[in-house]
Amino acid sequence: MITLLIILAGIVVTGILAYLVVNFIPRKLHWIISIILLALAALLVYKINFEIRKPIKFNNEKKERYAKVIENLKIIRDAEVAHKKVTGKYTASGENLIKFIDTAKFALTQTRNVAETVHTGGGITKEIERRVVDTVGYEAVRGSFVGKDYKQMMNIPGTDQKFKIEVGEIEKLAGLKAPVFEVKVDKGLILKGMDINLVKQEKEAIGGEEVRGEFLRVGSLGEVSEDGNWPPFYDKADNLDKE
1 MITLLIILAG IVVTGILAYL VVNFIPRKLH WIISIILLAL AALLVYKINF
51 EIRKPIKFNN EKKERYAKVI ENLKIIRDAE VAHKKVTGKY TASGENLIKF
101 IDTAKFALTQ TRNVAETVHT GGGITKEIER RVVDTVGYEA VRGSFVGKDY
151 KQMMNIPGTD QKFKIEVGEI EKLAGLKAPV FEVKVDKGLI LKGMDINLVK
201 QEKEAIGGEE VRGEFLRVGS LGEVSEDGNW PPFYDKADNL DKE
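In full-length UniProt numbering, the protein residues as written are 1 to 243.
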């Protein structure tokens, strides 16, 4: 829209100058007007090019900022998943989550079937198999975070603020509640200092190749989910590492 207005303004100004040159400016001064028109044309081309490139530059910088934030959100998610696996619940404390990674251990289990004889009454017995889970060892949770800067995961990159973890429970089935967690950050905070109009448009994104809504988020307080709301584009590096 801005680019179109610049072009229309340029056409109007050029028309006015042309009219003034023809009707009011002496011929011997036309060369000066020509120089002025060339300068205006160059300025117009520059402005048009600037307006065209502005959203491209915005998108590139936005993706760089988002990628850094998403990287920390992924580490927080992995830490919460590990915490739930060991303790059966999520935690709202980032400090405790870091301590958990440093000190906790996963139980290594082995499942086997054991034959048992049960009495069904009247002197009748039958053989059944019962599944038994044995703990065969332990593995440090920290081993799953090698190469990940989990000590800094609660810091929101590019800002002086920290992520806030929210936890809760939702009724998954009648009478059955499931623990949930959510970590989110306003896009406006991540994109602070960038073009206000483009930031506003970004916060109204509806999905596709863009992050939907006003926040970058992982987990949910409204449903049982440990996923993030970013598009697959931001997970390409993770997928390559798994191959």
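Beta carbons: idealized from backbone N, C-alpha and C, even for Gly.
Going by DSSP in three states, residue i sits in which element: helix, strand or coil?
| i | result |
| --- | --- |
| residue 212 | coil |
| residue 102 | helix |
| residue 47 | helix |
| residue 191 | coil |
| residue 147 | coil |
| residue 253 | Nothing in the structure corresponds to residue 253, since the chain is present only between 1 and 243. |
| residue 205 | coil |
| residue 80 | helix |
| residue 71 | helix |
| residue 54 | helix |
| residue 223 | coil |
| residue 94 | helix |
| residue 89 | coil |
Which residue or residues does DSSP assign as beta-bridge partners of residue i?
| i | result |
| --- | --- |
| residue 231 | DSSP output for residue 231 lists no bridge partner at all. |
| residue 110 | 134 |
| residue 168 | 180 |
| residue 218 | 183, 228 |
| residue 155 | 162 |
| residue 173 | 176 |
| residue 139 | 106 |
| residue 129 | 115 |
Measuring CB to CB, does residue i end up less than 8 Å from residue j?
| i | j | result |
| --- | --- | --- |
| residue 182 | residue 171 | no |
| residue 162 | residue 94 | yes |
| residue 104 | residue 146 | no |
| residue 204 | residue 62 | no |
| residue 226 | residue 118 | no |
| residue 83 | residue 97 | yes |
| residue 176 | residue 139 | no |
| residue 90 | residue 190 | no |
| residue 130 | residue 111 | no |
| residue 114 | residue 178 | no |
| residue 195 | residue 215 | no |
| residue 168 | residue 221 | yes |
Determine the extent of the beta strand (DSSP E) in which residue i is found, giving its start and end residues.
| i | result |
| --- | --- |
| residue 186 | 176-186 |
For residue i, collect the residues of the same chain with a Cβ closer than 8 Å to its Cβ; drop the 5 residues on either side in sequence, then sort them by chain order.
| i | result |
| --- | --- |
| residue 209 | 231, 233 |
| residue 212 | 205, 206, 229 |
| residue 77 | 183, 218, 219, 226, 228 |
| residue 68 | 157, 158 |
Leaving out five residues on either side along the sequence, give the residues of the same chain with a beta carbon under 6 Å from the beta carbon of residue i.
| i | result |
| --- | --- |
| residue 75 | 148, 150, 153 |
| residue 40 | none |
Might you give, ordered along the chain, the residues of its own chain that have their beta carbon closer than 7 Å to the beta carbon of residue i, omitting 5 neighbours on each side?
| i | result |
| --- | --- |
| residue 54 | 195 |
| residue 58 | 194, 195, 198 |
| residue 101 | 79, 141, 142, 145, 150 |
| residue 120 | 126 |
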